[in-house]
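**Student:**
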Amino acid sequence: MSEPYRFSFGPWNIHGGADPFGPATRNEIAFAVKLQIYRELGFEGVQLHDDDAVPNLDSKSAIEISTEARQLKNLLADSGLVPEFVAPRLWEDPRGIDGGYTANDPECRKWALDRSKQAIDIANELGVNLLVLWGAREGTYIREAKCARTAYSRLLEAVNTLLEYESNLRIAIEPKPNEPVDQAYLPTIGHALALAGQASDPTRVGGLIETAHAQLTGLDPSDEMAFALQMDKLWSVHLNDQNGLKFDQDKTFGSVNLRAAFNQVRVLEEAGYARTGRFVGLDVKAMRTQSQETSHLHLANSKQVFLKLVEKARSLPQNAVEECRKSHDYESLEMIVLNHLMSG
Ligand code: XLS
Ligand code: MG
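Per the numbering used here, residue 147 is the first one in the sequence shown, and the count goes up by one each step.
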C-alpha cells in the first residue's frame, strides 16, 4: 500500500522578494494569511524558527513567550495545521555575528545556548519535540579565525547540553557547506551524523537534508539522503533545486535537474519515508520578479513536481531495471530511466 506524503514549509518560504542587492518587491504577507495559504495549497506542517513562533523574542518575558507559544499552538490547531519543528535563529542577532556555539567569545556561546533552550521551551509549548539546528555562522570566513578542533568539541557540547536540557528532545542537524560563512563546520550529512554518533544520546540526534545544500558540496542529494535513511536518521528534508555552484538559490523542486529530483523522490519512496509520517519540507523561494498574487506558486509547483515524481518512482519498470543491473548494462538502464521520465 502506498502511503500519502505529508508536506510542510516555513513562513520564510513566502516572502517579499528582498535579496542582498535590493529591497522587497512585494508586501510582506501576514502570518495568519500565510496559514490560510498552507491549507489552500494542501500543506499540513509548519516549520518554525523560534522567532517565527514568537516574534521579537528578546523583548518578551518567559511568561509572555510561553503564552504566545500556546496561542500559536491553538491557532495552528484551529487552522488544521501542525508544527513540525522549531529552529533557533542564531544568525540574525549581533551576538551571533561570529557563530553561536562555536563563537570565540564565551559570552556569545552562553547566549547561543540560552537562546536554544528558549527555542526548546517554545517547542514544548507547541507540543513538538524536534529541534532543527542549521549552523549558519558556525564556521569561518578564514581558516585561522577559530580552532576548528575546538569548534567541533563545542558543537558536540552544545548538542549534549540541549539533549540534557529536555529529555524528550530530538535534534536534526541541517548541514550546509558555506553561505553565509566561507566554510561551515558541518558541511555534509556525514559530518552531522558522525557528530550525532558522539553525542551523549546518539538515538536522539539525526539530520535534515536540503537538496541545494548537498549540491553546493558537489554531492548528490539522493545519495546523501540514502546515507541518512539507511541509519534511520533522515528526520526531515528541505527539497528545492540549485543551478550550479553559486549562492543558495532555493529554486522550485525539480526545476533545474528533474532527474536528480526524481532520484531523491525514488530514494525516499524505496525507503518508505511516507510511512514514517515525517514531513516532506519544501524550502523554496519565489523569484523576486513574481507579483504579490503569484508569490506562492513555487510552493504549489514544488509539491506538484514531487507528487508527479512519486508516480514516476512507483511506475519505474523495476524488472527491466533489475535485468540491467544484473548485466551491468547501465547504458540501457540510462535509457529506461530517460524514456520513463519523458513519457506521459
Ligand atoms: C536553511 C534553512 C534554515 C533552517 C532552519 O536552509 O532554510 O532556515 O532550515 O533553521
Ligand atoms: Mg533549509
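Don't be surprised by glycine CBs; every beta carbon is placed ideally from N, CA and C. As the structure is a computational prediction, the values presented were derived from the model and not from experiment.
Is the closest heavy atom of the ligand XLS to the C-beta of residue 161 under 7 Å?
**Tutor:** Result no, Cβ not under 7 Å from the ligand XLS.
**Student:** With distances taken between CB atoms, is the gap from residue 282 to residue 326 smaller than 8 Å?
**Tutor:** Yes, the Cβ-Cβ distance between residue 282 and residue 326 is below 8 Å.
**Student:** Under three-state DSSP, which class holds residue 438?
**Tutor:** Reduced to three states, the DSSP call for residue 438 is coil.
**Student:** Tell me which residues share the same chain as residue 249 and place their Cβ nearer than 6 Å to its Cβ, disregarding the 5 neighbours each side in the sequence.
**Tutor:** Within the same chain, residue 249 has close Cβ partners 255.
**Student:** Compare the Cα-Cα distances from residue 427 to each of 342, 452, 285, 441 and report the closest residue.
**Tutor:** With distances taken between Cα atoms, residue 427 lies closest to 452.
**Student:** Mind checking whether residue 396 and residue 409 have CB atoms under 8 Å apart?
**Tutor:** No.
**Student:** Check residue 459 in the structure and name its three-state DSSP category.
**Tutor:** Residue 459: helix per DSSP, three-state reduction.
**Student:** Please confirm whether any heavy atom of the ligand XLS lies closer than 7 Å to the CB of residue 192.
**Tutor:** For the ligand XLS, not one heavy atom lies less than 7 Å from the Cβ of residue 192.
**Student:** Unbroken beta strand (DSSP E) runs of length 3 or more, entirely within the region 189–257: which are they?
**Tutor:** Runs found: 191–195, 228–233.
**Student:** The ligand MG heavy atoms versus the CB of residue 429: any closer than 7 Å?
**Tutor:** Checking every heavy atom of the ligand MG against the Cβ of residue 429, one is found closer than 7 Å.
**Student:** So, are the CB atoms of residue 206 and residue 272 less than 8 Å apart?
**Tutor:** No; because the gap between Cβ atoms is not below 8 Å, this pair is not in contact.
**Student:** When the Cα of residue 193 is compared with those of 157, 449, 293, 362, which residue comes out closest?
**Tutor:** Looking at the Cα atoms, 157 is the closest of the given residues.
**Student:** Taking the C-alpha atoms as reference points, what is the distance between residue 438 and residue 151?
**Tutor:** Their Cα atoms are separated by approximately 28 Å.
**Student:** In the region 285–347, which residue ranges form an unbroken beta strand (DSSP E) of at least 3 residues, counting only runs that do not cross its ends?
**Tutor:** Correct list: 316–320.
**Student:** Please tell me whether, using a cut-off of 7 Å, the distance from the CB of residue 426 to the nearest non-hydrogen atom of the ligand XLS is below it.
**Tutor:** No - the ligand XLS has no heavy atom lying nearer than 7 Å to the Cβ of residue 426.
**Student:** Under the three-state reduction of DSSP, which class applies to residue 411: helix, strand or coil?
**Tutor:** Note: residue 411 maps to helix in three-state DSSP.
**Student:** Leaving out five residues before and five after residue 458 in sequence, what residues of the same chain have Cβ atoms less than 7 Å from its Cβ?
**Tutor:** Excluding residues within five positions, the ones whose Cβ falls inside 7 Å are 408, 486, 487.
**Student:** Suppose contacts are defined by Cβ-Cβ distances below 8 Å. Is residue 379 in contact with residue 311 by that definition?
**Tutor:** No. Outside cutoff.
**Student:** Do the region 286–293 and the region 234–242 make contact, defined as three or more Cβ pairs closer than 8 Å?
**Tutor:** Result no; under three Cβ-Cβ pairs closer than 8 Å.
**Student:** Verify the contact flag: residue 237, CB atom, against every heavy atom of the ligand MG, threshold strictly below 7 Å.
**Tutor:** No, Cβ of residue 237 sits at least 7 Å from all heavy atoms of the ligand MG.
**Student:** My assumption, with CB atoms under 8 Å, is that residue 431 sits in contact with residue 173. Please give the rounded CB distance.
**Tutor:** At roughly 16 Å, the Cβ-Cβ gap does not stay under 8 Å, so residue 431 and residue 173 are not in contact.
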